[in-house]
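Colleague: Residue numbers (mature numbering (1 follows the signal peptide of the UniProt record, and there is no 0)): -19 to -1, 1 to 114.
1) Looking at the strands, I want to know which residues DSSP matches up with residue 46.
2) Could you give the distance in angstroms between the alpha-carbon of residue 77 and the alpha-carbon of residue 43?
3) Which two residues bound the contiguous alpha helix (DSSP H) that contains residue 61?
4) How long is the line joining the alpha carbons of residue 67 and residue 7, rounded to whole angstroms?
5) According to DSSP, residue 69 sits in a beta bridge with which residue or residues?
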């Protein structure tokens, strides 16, 4: 019985070690326009512990990343990128941060991305909160 438990523990540890790749390759679509965007996006990605390679292509908007997943994850990289004003397919940068980008860096934003509260939905919420159920 003791040998069986030891085997199960070793097998579990082996699976966990495999699940975290030290050289995981990822590609993200990151919106931007120019070389200034490239510098900002790559700097943000390299600022995340575990990122070994971060190369953003101005033409394709593809960010190629090599990440040590034992130190961090792709979500942390995306969070760093949106924090400096660039949208990804999965996350949207804060509007105020985006609006503070240099004028040449103001890429076209897709209104379908992220969660948005429109004036109409705000008005409906206010009207709805004024009555009882």
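C-beta atoms are modelled at their ideal positions from N, C-alpha and C, and glycine is treated no differently. The structure displayed is predicted, hence computed values, not measured ones.
Modeller: Let me spell this out:
1) Within the chain shown, residue 46 is the residue found at index 65, counting from 1. Answer is 7, 35, bridged to residue 46.
2) Here residue 77 corresponds to residue number 96 of the chain shown, with the count starting at 1. Here residue 43 corresponds to residue number 62 of the chain shown, with the count starting at 1. Looking at the two C-alpha atoms, the distance is approximately 24 angstroms.
3) Reading the chain shown from its first residue, position 80 is the one you call residue 61. Per DSSP, residue 61 belongs to the alpha helix (DSSP H) from 55 to 64.
4) Looking up residue 67 in the chain shown gives position 86. Looking up residue 7 in the chain shown gives position 26. Taking the straight line joining both Cα atoms gives about 17 angstroms.
5) One-based indexing of the chain shown puts residue 69 at position 88. Looking at the DSSP assignment, residue 69 forms a beta bridge with 11.
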